[in-house]
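Those protein sequence lines, which keep their order, are chains A and B.
Numbered per the numbering used here, the first sequence spans residues 1 to 785.
Numbered per the numbering used here, the second sequence spans residues 786 to 871.
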Amino acid sequence: MLSTMLQNFPSRGLPLSIESTTVSKSNSRLSSAQRPKRQRQLSGQGSVRKLVLVPANATLPPPVSEQYFNTTWDALNAALVSIFQDAPITTSCELLYRGVEHLCRADKSRALWDNLKLRMKNHIINVFLEREMLSAVEVIAAGGGITSKTNNMADIVERVWTRWSTQLGLIRNIFFFMDRSYLLTAPGEKSIWDTGLELFRKCIVENAVIGPHLMASLIIYFARNRSHETVQVPLICNVVRMISTLGVYTSTFHPQFIAATSEHYGALANLHVESLAVPDYLKLVLECLAFENEQATSFGLDRATRNEAVAVVKNQLVRNEVQTIVDRGFDDLLNVDDIPSLSEMYDLFEQVDQEKILIAAWSEYIRREGLKLVMEPSKDAIMVSSLLSFKAKLDNIMENAFKHNDSFDNAMRESFDLFINKRQNVPAEMIAKYIDDILRVGNKEMEDDEMKMRMDRVLVLFRFIQGKDVFEAFYKKDLAKRLLLNKSASDDAERSMLSRLKTECGTGFTQKLEGMFKDIELSKDFMTSFKTSKYVTNKNDGGIDLYVNALSQAFWPSYPDVPLVLPPHMAEALENFKSFYLTKQSGRRLTWRHSLGHCVVKADLPKGKKELSMSLFQTVVLLLFNDVSDGKSLTYEEVKAATSLDDRELVRTLQSLACGKIRVLSKDPKGKDVSPGDRFRVNLKFEEKAYRLRINQIQLKETPEENKDTHDQVKRDRQYEIQACVIRIMKSRKTIRHVELIQQTIEQTKNRGTLDLGDIKKNIEKLIEKEYMERQGGDTYVYLA
Amino acid sequence: MKVTINRWNAVSTWHWDHAQEELCGICRVAFEGTCPTCKYPGDDCPLIIGECKHAFHMHCLLKWLTTESSKGLCPMCRRKFKTATD
């Protein structure tokens with residue numbers, strides 16, 4: 001087969017190399033007779049004989065004549081012409097290949113290469129550039145820009161490039177021998193393929209006219225793709241691949257592409273940032289990001305280009321517009337709990353490193369909204385529950401949109417801290433009352449778990465409060481009422497709240513509260529021993545089932561001494577207890593706190609028997625009517641004389657009996673208010689379904705006076721706190737400047753309550769008066785031990 | 786109408802009977818409160834009264850008497866401190 005093919009070439013008289021290969025084969029092969037001998041030599045003697053391998057084609061190629069070169073080149077040239085015309089090659093490729101090989105072997109590579117290079121260059125310039133492109137450029141120029149879809153430079157280049165790739169492939173195959181021998185070693189020369197590409201790049205892509213046109217048209221294709229016009233994806237892919245094969249991707253295409261992307265999204269941002277609703281705008285941003293990613297992948301753009309394009313989108317649509325986005329819609333999103341949009345917003349802002357702006361807006365929002373909840377006195381009653389739902393809302397956003405970002409969390413804390421303390425004292429008071437609501441019996445019944453959850457939630461608010469002394473005062477007052485009036489829902493719940501407060505504020509804070517519990521327990525024990533003593537009067541003999549809580553004054557809120565005249569049998573019962581108490585606890589005195597006493601009485605009313613829970617005052621007043629025959633009345637003055645209650649208490653008591661929901665007494669004249677001169681009688685029409693009735697709510701309810709007292713008490717206590725604190729500081733510092741002393745005092749007492757600057761100064765004066773310290777020079781104090 | 790008391794929950798507070806002052810002269814805490822080391826007032830932290838009629842938390846006074854500078858004197862009137870016998 002080979003020989004017949006070679007015989008088709010005889011006229012050219014090519015010297016056949018077949019003999020030389022055979023020869024070389026026999027040369028390189030060791031004769032079988034020599035082999036055993038060599039082995040013997042290796043094992044027998046120390047000297048090693050060198051084995052020399054002679055290359056197969058070591059024999060010099062026969063020189064070729066000028067004429068032979070020309071004829072061979074003619075044949076090759078004819079083939080090139082066919083290739084350049086995309087026509088089939090008439091000569092056998094094998095022979096062409098052989099011809100190239102022979103010329104190369106005959107050291108004609110250089111001349112052959114020069115010829116080939118020139119042909120390729122001329123072809124690119126004459127055919128591709130001149131004929132195909134420059135004419136198109138003229139058309140484009142005449143048409144006023146690259147608009148027509150068919151006349152696009154990218155299309156033309158792509159077409160030419162596809163042709164050139166095929167042509168170059170064929171050329172390389174024919175000149176393969178030269179490629180693998182001469183060009184591999186010749187200095188400064190590249191392979192046929194690379195040279196072909198380089199020629200194409202230099203002549204076409206880097207051509208001063210074509211180059212810019214090509215890039216522009218490519219960019220236009222991407223622009224069309226962005227506006228969702230149909231584009232030929234494979235075509236663009238090819239061009240992109242060509243650009244990157246030609247090595248101009250990074251230097252030329254990438255910057256232009258990024259610039260165009262930037263411009264496009266800059267315009268898009270301008271167009272939409274003010275007009276679209278923020279959630280829609282965020283959606284748009286995400287769509288654009290996805291689009292750029294997708295586009296980069298489907299058009300085979302570089303990873304670097306893709307990343308940069310995505311970054312450009314974020315920059316133009318988000319980073320440059322952060323303030324606008326936040327100003328236009330962040331508050332609204334928070335208001336309506338648009339978690340998905342908030343989450344998108346957070347993610348985008350985080351990606352462009354602009355969380356700071358979001359955090360600032362977040363803080364600002366919490367402060368503004370929080371102040372609305374806290375500063376409005378008419379909404380005090382619902383302050384805590386609205387704060388709790390506000391907090392829950394924010395927590396939800398933190399969890400689902402802001403991924404528990406610490407900075408956001410801190411900002412939230414700081415903002416809460418700030419707004420909740422803007423209104424002094426009241427939030428603390430309201431929190432104490434809210435807890436009282438949870439723990440008090442008869443309010444909403446709830447499961448243990450829910451109760452604990454509520455406690456934990458409200459404690460979160462409690463942590464922000466600076467006026468902890470106000471909280472303590474009100475909590476103590478409410479706790480006292482719960483314990484003494486048996487209104488506590490459960491002992492367990494009370495204790496679990498106590499232990500929470502203990503972990504929150506330390507033992508110092510709860511010591512007094514714990515003392516209160518201890519008093520109640522001790523009283524219980526004491527009562528059991530009282531019940532079995534001789535001091536207790538039998539119930540059947542008209543005695544009263546008496547239970548006494550004997551308290552240590554230091555733990556409990558101070559209660560005013562209310563004068564009250566008790567009916568003789570009641571007074572006697574108390575005296576009996578007192579005698580018993582003093583036998584057990586010598587050296588003490590007992591003071592009765594009648595305002596906290598309460599009774600269960602059996603009332604034989606005109607329309608049936610009832611059991612009434614009442615305050616002691618109510619009981620004493622009602623007992624007066626035992627001696628009044630039905631239909632007869634007592635005047636306000638008569639009641640007052642009999643009980644010696646002061647006007648304030650008496651008015652409240654009579655009101656609760658005669659003007660409330662459950663009216664055991666009736667008043668003449670009728671009306672809601674009680675005033676001197678009013679007459680009271682047993683309400684003959686009194687009728688209620690239930691047997692047991694509670695009418696002692698007035699005891700639980702906080703009167704404005706009580707509220708004021710509590711606040712005043714806190715204020716008084718603060719004076720002592722200030723003095724103690726100043727002394728502590730003076731003791732450790734000995735001398736200190738005025739400003740520093742004030743600062744440290746505020747710092748150290750911050751948790752207890754916010755201090756008034758005037759108060760601190762006043763107390764310093766007092767301490768100077770008491771000679772705990774003295775002034776030295778203008779603004780320095782010295783501690784006097 | 787006839788009203789009878791079934792049950793009566795009364796509330797009282799106790800005080801030390803014999804204290805002239807309200808505050809302990811040593812720790813400046815109310816007698817009804819405790820000395821700085823105790824937690825619960827009453828029998829756990831009783832008062833002590835001297836012949837000079839000055840009263841203190843017992844713990845406070847005992848602590849004072851153990852210091853050298855006290856020389857066994859009442860911190861209020863500098864007379865020899867002796868517990869009142871009555």
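Think of the CB as a built atom: it goes at the ideal place given N, C-alpha and C, for glycine as much as any other residue.
Please classify residue i: does DSSP put it in a helix, a strand, or coil?
i                : result
Thr91 (chain A)  : coil
Cys837 (chain B) : coil
Lys787 (chain B) : strand
Cys823 (chain B) : coil
Tyr691 (chain A) : coil
Val157 (chain A) : helix
Gln323 (chain A) : helix
Tyr182 (chain A) : helix
Leu605 (chain A) : strand
Lys867 (chain B) : coil
Ser363 (chain A) : helix
Leu784 (chain A) : coil
Lys667 (chain A) : strand
Ser523 (chain A) : helix
Leu858 (chain B) : strand
Met375 (chain A) : coil
Thr21 (chain A)  : For Thr21 (chain A), the predicted model reports a pLDDT of 39, less than 50, meaning its position is unreliable and no value from the coordinates is stated.
Arg652 (chain A) : helix
Met773 (chain A) : strand
Thr703 (chain A) : coil
In terms of DSSP beta bridges, what is residue i paired with?
i                : result
Asn794 (chain B) : A:Tyr547, A:His598
Met614 (chain A) : A:Cys599
Cys830 (chain B) : B:Gly827
Thr528 (chain A) : According to DSSP, Thr528 (chain A) bridges with nothing at all.
Arg737 (chain A) : A:Thr780
Arg588 (chain A) : B:Trp801
Glu274 (chain A) : Bridge partners of Glu274 (chain A): none, in fact.
Ser552 (chain A) : B:Trp799
Met730 (chain A) : Its beta-bridge partners do not exist; DSSP assigns none.
Val682 (chain A) : A:Leu665
Ala573 (chain A) : Answer is none; Ala573 (chain A) lacks a bridge partner.
Ala815 (chain B) : B:Leu808
Are residue i and residue j touching if we call contact CB-CB under 7 Å?
i                : j                : result
Arg224 (chain A) : Val278 (chain A) : no
Val674 (chain A) : Val651 (chain A) : yes
Leu341 (chain A) : Leu282 (chain A) : Going by the sequence as given, residue 341 (chain A) is Ser instead of Leu. Going by C-beta atoms, Ser341 (chain A) is nearer than 7 Å to Leu282 (chain A).
Gly758 (chain A) : Ala795 (chain B) : no
Met614 (chain A) : Ile544 (chain A) : no
Ala186 (chain A) : Ile156 (chain A) : no
Val536 (chain A) : Ser644 (chain A) : no
Ile219 (chain A) : Ile210 (chain A) : no
Lys602 (chain A) : Asn791 (chain B) : yes
Asn238 (chain A) : Glu158 (chain A) : yes
Taking only heavy atoms of the ligand GTP into account, decide whether any of them is closer than 6 Å to the Cβ of residue i.
i                : result
Thr528 (chain A) : This structure lacks the ligand GTP, and indeed carries no ligand of any kind.
If you count every other CB in all the chains shown that lies within 10 Å of the CB of residue i, and 16 or more means buried, which is it?
i                : result
Cys599 (chain A) : buried
Ala840 (chain B) : buried
Cys93 (chain A)  : exposed
Gly835 (chain B) : buried
Gln776 (chain A) : exposed
Met153 (chain A) : buried
Val620 (chain A) : buried
Lys787 (chain B) : exposed
Tyr720 (chain A) : exposed
Asp338 (chain A) : buried
Pro826 (chain B) : buried
Asp406 (chain A) : exposed
Ala869 (chain B) : exposed
Validate contact between the stretch 167-183 of chain A and the stretch 108-119 of chain A using beta carbons, cut 8 Å, 3 pairs: yes
Touch test, the stretch 291-304 of chain A against the stretch 348-357 of chain A, Cβ-Cβ under 8 Å, three pairs minimum: no
The stretch 670-685 of chain A in contact with the stretch 726-736 of chain A per 3-pair CB rule at 8 Å: no
Segment contact, 8 Å Cβ cut-off, at least three pairs: the stretch 512-521 of chain A with the stretch 768-782 of chain A: Short answer: they don't touch.
Three CB pairs or more closer than 8 Å across the stretch 363-378 of chain A and the stretch 418-431 of chain A: In short, these stretches touch, since the Cβ pair count reaches three.
Cβ contact check for the stretch 550-560 of chain A and the stretch 756-773 of chain A: 3 or more pairs under 8 Å: No contact exists between the stretch 550-560 of chain A and the stretch 756-773 of chain A.
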